[in-house]
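S.K.:
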RNA sequence: GCGAAAGUGGCGGAAUUGGCAGACGCACCAGACUUAGGAUCUGGCGGGUAAAACCGUGGGGGUUCGAGUCCCCCCUUUCGCACCA
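Residue numbers (my numbering): 7 to 869.
1. Rounded to the nearest angstrom, what separates residue 716 and residue 88 at their Cα positions?
2. Please state whether DSSP places residue 761 in a helix, a strand or coil.
3. Less than 6 Å between C-beta atoms, sequence neighbours within five positions excluded: which residues of the same chain meet that for residue 105?
4. Once DSSP output is grouped into helix, strand and coil, what is the label at residue 826?
5. Rounded to whole angstroms, what's the CA-CA distance from residue 166 to residue 727? Just pull it up for me.
6. Just to confirm before moving on: does the CB-CB distance between residue 467 and residue 107 stay below 9 Å?
7. Within 10 Å of its beta-carbon, does residue 115 have 16 or more other beta-carbons around it, so buried, or fewer, so exposed?
8. Leaving out five residues before and five after residue 17 in sequence, what residues of the same chain have Cβ atoms less than 6 Å from its Cβ?
9. Whole angstroms are fine: how far does the CA of residue 424 sit from the CA of residue 344?
10. Please work out which residues of its chain come closer than 7 Å, Cβ to Cβ, to residue 109, disregarding the five sequence neighbours upstream and downstream, and give them in chain order.
11. May I ask which residues mark the beginning and end of the beta strand (DSSP E) holding residue 337?
12. Of all the beta strand (DSSP E) runs that stay within the bounds of the stretch 219-305, which reach a length of 3 or more residues?
13. Residue 111 and residue 506: beta carbons closer than 9 Å?
14. Which first and last residues belong to the beta strand (DSSP E) in which residue 808 is found?
15. Leaving out five residues before and five after residue 34 in sequence, what residues of the same chain have Cβ atoms less than 6 Å from its Cβ?
16. At the level of alpha carbons, what is the spacing between residue 140 and residue 615?
17. Tell me whether the beta-carbon of residue 192 lies closer than 9 Å to the beta-carbon of residue 283.
18. Quick check: the stretch 242-249 against the stretch 268-286, are there 3 or more CB pairs under 8 Å?
19. Sorry if obvious, but does the Cβ on residue 775 come closer than 8 Å to a heavy atom of the ligand ADP?
20. Quick check: the Cα distance between residue 453 and residue 608, rounded to an integer number of angstroms?
21. Relative to the C-alpha of residue 202, which candidate in 216, 186, 213 has its C-alpha closest?
22. Confirm, please, whether the CB-CB distance from residue 675 to residue 755 is below 9 Å.
23. Report the start-end ranges of each alpha helix (DSSP H) in the stretch 578-624 that is 4 residues or longer and not cut off at the edges.
24. Looking at the strands, I want to know which residues DSSP matches up with residue 459.
25. Go ahead and label residue 41 buried or exposed: buried means 16 or more other beta carbons lie within 10 angstroms of its beta carbon, across all protein chains shown.
26. Between the beta-carbon of residue 157 and the beta-carbon of residue 97, is there less than 9 Å?
27. Alpha carbon to alpha carbon, how far is residue 870 from residue 46?
28. Report the rounded CA-to-CA distance for residue 574 versus residue 792, giving the unit in angstroms.
29. Quick one: what's got a C-beta closer than 6 Å to residue 293's C-beta in the same chain, skipping five residues either side?
30. Judging by CA-CA distance, which residue of 217, 29, 199, 26 is the nearest neighbour of residue 530?
31. Tell me the residue span of the beta strand (DSSP E) that contains residue 745.
32. If you reduce the DSSP assignment to three classes, tell me which class residue 449 lands in.
33. In the DSSP assignment, the beta strand (DSSP E) including residue 369 goes from what residue to what residue?
34. Are the stretch 216-232 and the stretch 170-180 touching, with three or more C-beta to C-beta distances below 8 Å?
35. I need the DSSP call for residue 209, collapsed to helix, strand or coil.
36. For the pair the stretch 245-265 and the stretch 439-455, tell me if three or more CB-CB distances fall below 8 Å.
Following this line, the structure appears as structure tokens:
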């Protein structure tokens, strides 16, 4: 690269014109460090009259070093922040660290360095990298989640959750990752494996855990998605599926024969009560509490049920639940269908889940694929109770061969269903649910797939849960005045046997706040997703000592105008933080329902077709790119290679191309900077006097077209790849017209071009833009940055004077005709038909039609 | 299996509403300047042809004066969901 070639080093006049990003960037980096407020989009107070804009990128985990995915994410956010800043907005653009988590403990074990030290060291390094890359963050608002100043408020929120009944403790089957040696939330299990250890199967363990009642907000979290039209549809769909709302009914089936509790029933959940006359068995989950009683003392049955249970557990671990073969066993007992008083056999089946609905279903093999498979295998009765109704056709009397469609269309028709015959499916659901309710054996209900959020983690490096267990008083919350519950510094971390905090007596042993007697502290810590559920509120006032946030300040800044991050957080972080916002709203400390009105999910950065990873050896280091090409080239390439929503294949040759473009830009501006200095900016428009060259007018037009294109990309689809391409085109045009542009006659325009070019570059290449901006000022610019004003375009100057019409004969391109832009249609038609090539092509034929598309094309249709 | 998105030169990608396919960049080729070039500048660059014609946006149909774009069928890739009763 250029630094190895130094031919011009002893030629001062040329040396000046060589683009040396390292020199420029070091210079501005130092300046921004000493005067951050002038060069980062640092917002005015929350009482500012200026319109606010809160742009946020997801905060990183301080793993050690930035990777290209970070750089891309922040390059997008930074471009937007700078653009909004130049448009006069009061811009909030903060950054912080999602600093708790397991890697710090692993590093502690491996390298014998305390997690805190490891984490803070990584933060220092990554922060330096961010600054070197020129991201304009307001570091006075930095949030680091592993510091007591922050996690104190996690604990405070936990106490509030507990107070409101939204945090509770219970024993339950939980997901356990043996690699992490801790519990995982449902959201953290992907295909039966740990979200951090994709190869590690999650086990099921029975443990006492703290849960947060996210399900209290199921309905609201779902309904809120409809208001988020600034979010990608994909993310909204994923959240809808995750919440999994399902309307249906609970129906009680009495158990036939003797039972220990008189009147014992099996309650099933169904969304298809209309098919209940086709229910030919009841299926229970192997863990259903009634199973033990129903199968009595038969050891063979017990063994069989246990086998079913194991099959189900294995299937869950394997992740591919649907592919597992259905098995079941008949309990020997029967239940009574409350609609027709029929006896139906009760089975236990491995495909029935205890944690959805009631863990019991009515099996309708004729209208449900799964039930059909099962019934087919065990030769159970199938009864068709619903048919498509065809106009004019009498109800079918014979029974079609199952499987039948789960028929739900408007023209469906019930049969074999007693008094409900002849109803359509939808009518039947209404009437049969009402019937069940009136007769006291059923009721309307809604179930959700969303579960409460298990937040206990048996790890050290997280927020201690502020709870105390007293032998006398039971569970006692730590009083607010005693917060924060500090993490002990000296600790021996291993991955075995429960939380490392259990082995720290001075942490574990406390006195009960109620009775003063000896008590035990909770040793589990909080899921780190608690930290990221509300961090963006803290940015609005990161120094606040006595409260997590100041409501008036939050009211000013929220909701976040633009949130930017990876789609991998579509469910986890983005559903927890939506919950947390509602929880805070109900506490009365914020007033918005949703944290962010717009969400943008950027594509991944890959290399050689794969995600960058150390194992694969295809990692591209940002430091290396910055050292070789500079921060500006690295940033601009990450925006230029493709549009921000798409996957980006990192190609070093592409970075070189961008470097060349920035070099060309640098040289053009610098070698004309003197002219700009001598001629103050006074351009209104370049009035054509008839004497200037068309090339000069062409530059003026291109200038305005470029402003238009870049501005529209910011306002619309964020296709910065085309914005940058547009600026490249402008620079190419300038090179072609330079000799005609540098005359005193065109000085006004040239000065305008230099200014505009510099301003257009500012959101993308801030170092270079500031350098060039400074170079073209007549006066010293101390205390000012390039981000003064976004350039405006003049539509009439952007318009072409002449238009080259494409001329087609029968849809095939045959000629071009140049005409004045404002030519009326009949003139266009006339001139085109008079064209030599057109004449030749239509000779001897009859012109049937001439289609004129104004400003673009003419199609002559001939026979 | 269900759902969504995407398939364009050697490569990354342009082409918001149907209107000149391949902008911009990479790679490559040629020329200029040079002692030199991996610097810089200028030009070329989908296939095909001497030049045309002609063929070209995953494949096959269709609508239209005109289709990368709209409709139908199919193929491939990526992502999401997947016994949710």
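For each residue, glycine too, the CB sits at the ideal point set by N, CA and C.
M.R.: Let me lay it out:
1. Numbered from 1 along the first chain, position 710 holds the residue referred to as residue 716. Numbered from 1 along the first chain, position 82 holds the residue referred to as residue 88. If I take the Cα positions, the gap works out to 13 Å.
2. Translated into positions along the first chain, residue 761 becomes position 755. DSSP, read as helix, strand or coil, puts residue 761 in helix.
3. For the purposes of this step, residue 105 is taken as the residue at position 99 of the first chain. Closer than 6 Å at Cβ, skipping near neighbours: 68, 125, 150, 151, 152.
4. As a position in the first chain, residue 826 is number 820, starting the count at 1. Of the three classes helix, strand and coil, the one that applies to residue 826 here is strand, per DSSP.
5. Taking the first chain and counting its residues from 1, the one referred to as residue 166 is at position 160. Taking the first chain and counting its residues from 1, the one referred to as residue 727 is at position 721. Going by the C-alpha atoms only, they are around 47 Å apart.
6. One-based indexing of the first chain puts residue 467 at position 461. One-based indexing of the first chain puts residue 107 at position 101. A distance below 9 Å separates the beta carbons of residue 467 and residue 107.
7. The residue given as residue 115 occupies position 109 in the first chain. Here residue 115 is exposed. Its C-beta has fewer than 16 other C-beta atoms within 10 Å.
8. In the first chain, the residue the question calls residue 17 occupies position 11. Caution is warranted here: a pLDDT of 38 is assigned to residue 17, below 50, making its placement in the model unreliable, and no coordinate value can be reported.
9. Indexing the first chain from 1 puts residue 344 at position 338. Indexing the first chain from 1 puts residue 424 at position 418. When rounded, the distance between both Cα atoms is 12 Å.
10. One-based indexing of the first chain puts residue 109 at position 103. Close CB contacts of residue 109 within its chain, under the 7 Å cut and outside five residues either way in sequence, are with 69 (chain order).
11. Residue 337 sits at position 331 when you count from the first residue of the first chain. 334-342 is the span of the beta strand (DSSP E), which, as asked, contains residue 337.
12. Taken in chain order, the unbroken stretches of beta strand (DSSP E) that lie wholly in the stretch 219-305 and span 3 residues or more are 252-261, 271-276, 287-290.
13. Working through the first chain from its first residue, we reach residue 111 at position 105. Working through the first chain from its first residue, we reach residue 506 at position 500. Yes; because the gap between Cβ atoms is below 9 Å, this pair is in contact.
14. Position 802 of the first chain, counting from 1, holds the residue named residue 808. Secondary structure note for residue 808: its beta strand (DSSP E) is the uninterrupted segment 808-815.
15. Locating residue 34 in the first chain gives position 28, where the first residue counts as 1. Apart from sequence neighbours up to five positions away, the residues of its chain that approach residue 34 with a beta-carbon distance below 6 Å are 773, 776, ordered along the chain.
16. Counting from one through the first chain, the residue named residue 140 turns up at place 134. Counting from one through the first chain, the residue named residue 615 turns up at place 609. Residue 140 and residue 615: Cα-Cα distance of roughly 29 Å.
17. Stepping through the first chain from its first residue, residue 192 is reached at position 186. Stepping through the first chain from its first residue, residue 283 is reached at position 277. Not closer than 9 Å, so no.
18. With the cut-off at 8 Å, the stretch 242-249 and the stretch 268-286 do not touch.
19. Among the ligands in the structure shown, none appear at all, so the ligand ADP cannot be discussed.
20. Here residue 453 corresponds to residue number 447 of the first chain, with the count starting at 1. Here residue 608 corresponds to residue number 602 of the first chain, with the count starting at 1. One C-alpha to the other measures close to 33 Å.
21. Position 196 of the first chain, counting from 1, holds the residue named residue 202. Across the set 216, 186, 213, the C-alpha of 186 shows the shortest separation from the C-alpha of residue 202.
22. By 1-based counting over the first chain, the position of residue 755 is 749. By 1-based counting over the first chain, the position of residue 675 is 669. Contact flag unset, no.
23. The alpha helix (DSSP H) runs lying completely inside the stretch 578-624 and spanning 4 residues or more are 578-593, given in chain order.
24. Against the first chain, residue 459 aligns to sequence position 453. Looking at the DSSP output, residue 459 bridges to 218.
25. For the purposes of this step, residue 41 is taken as the residue at position 35 of the first chain. Under the 10 Å beta carbon count, residue 41 is surrounded by fewer than 16 other beta carbons and is classified as exposed.
26. Sequence index remark: in the first chain, residue 157 carries index 151 (1-based). Sequence index remark: in the first chain, residue 97 carries index 91 (1-based). It is not a contact, given that the beta carbons lie outside the stated cut-off.
27. As shown, the chain starts at 7 and ends at 869. That puts residue 870 outside it, with no answer to give.
28. In the first chain, counting from the first residue as 1, residue 574 sits at position 568. In the first chain, counting from the first residue as 1, residue 792 sits at position 786. Going from the Cα of residue 574 to the Cα of residue 792 covers about 35 Å.
29. In the first chain, the residue the question calls residue 293 occupies position 287. Within the same chain, residue 293 has close Cβ partners 360.
30. The count along the first chain starts at 1 and reaches residue 530 at position 524. Residue 530 has its Cα closest to that of 217, out of 217, 29, 199, 26.
31. Translated into positions along the first chain, residue 745 becomes position 739. In the DSSP annotation of this structure, residue 745 is not part of any beta strand (DSSP E); the continuous alpha helix (DSSP H) holding it starts and ends at 726-747.
32. Within the first chain, the letter at position 443 stands for residue 449. In the structure shown, the three-state DSSP call for residue 449 is strand.
33. As a position in the first chain, residue 369 is number 363, starting the count at 1. In the DSSP assignment, residue 369 falls within the beta strand (DSSP E) that extends over 366-369.
34. Below 8 Å, enough C-beta pairs join the stretch 216-232 and the stretch 170-180 to call them touching: three or more.
35. Against the first chain, residue 209 aligns to sequence position 203. The answer is strand: DSSP assigns residue 209 an E or B state.
36. Yes, since at least three Cβ pairs between the stretch 245-265 and the stretch 439-455 fall closer than 8 Å, the two stretches touch.
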